[in-house]
Amino acid sequence: MRRSLTAIMLVVSLSGCADTINPVLGRLSLGRETGPLKPPVRIDSGRFAYPEDVWEDRVGGTVWLRLHITTAGRVDSVTVLESSGNAALDAAAQADGLGLRFTPAERSGEPVSVWAHLEVIYPLPQEVIVDEP
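Going by numbering that gives the first Met the number 0, the first residue of the sequence shown is number 0, and it counts up by one from there.
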């Protein structure tokens, strides 16, 4: 039995693949600090990557990280403050958070270390089904 090729369905990814889609980094927020403080500014977003196996499973989510930013602007500690609900996304965000670089926070013109929160959004891979004549 021959089937018509006009009914072929193609799945087209709107978002690309795990190699081309990067998580979105939200705004950095500081914990309760005393006194006037010039906040750290992200100077290098690092390379946050979407875990390939999670991408293929079509999983997305948001991870909230708690970062310790040193007086040199490096991140030396990262913990998951709020889970995405997916252990692989949480682990990827935590590992990639160590690669972030900042201008250090300052108090009275002197660099100080701070704890901060950062939202990491892994966009949900979406698909659109397209008919090809």
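Positions of the beta carbon are idealized from the N, C-alpha and C atoms, including for glycine.
In this structure L123 is exposed. Its beta-carbon is surrounded by fewer than 16 other beta-carbon atoms within 10 angstroms. Within 10 angstroms of the beta-carbon of D89 lie 16 or more other beta-carbons, which makes it buried. The residues P50, V53, in chain order, have a CB closer than 6 Å to that of A87 in the same chain once the five nearest residues on each side in sequence are set aside. Considering only T70, F47, V62, the residue with the shortest C-alpha distance to P39 is T70. From the listed residues N21, E109, P103, the smallest Cα separation to A115 is found for P103. The continuous stretches of alpha helix (DSSP H) do not include D43, which lies in the beta strand (DSSP E) extending over residues 40 to 43.
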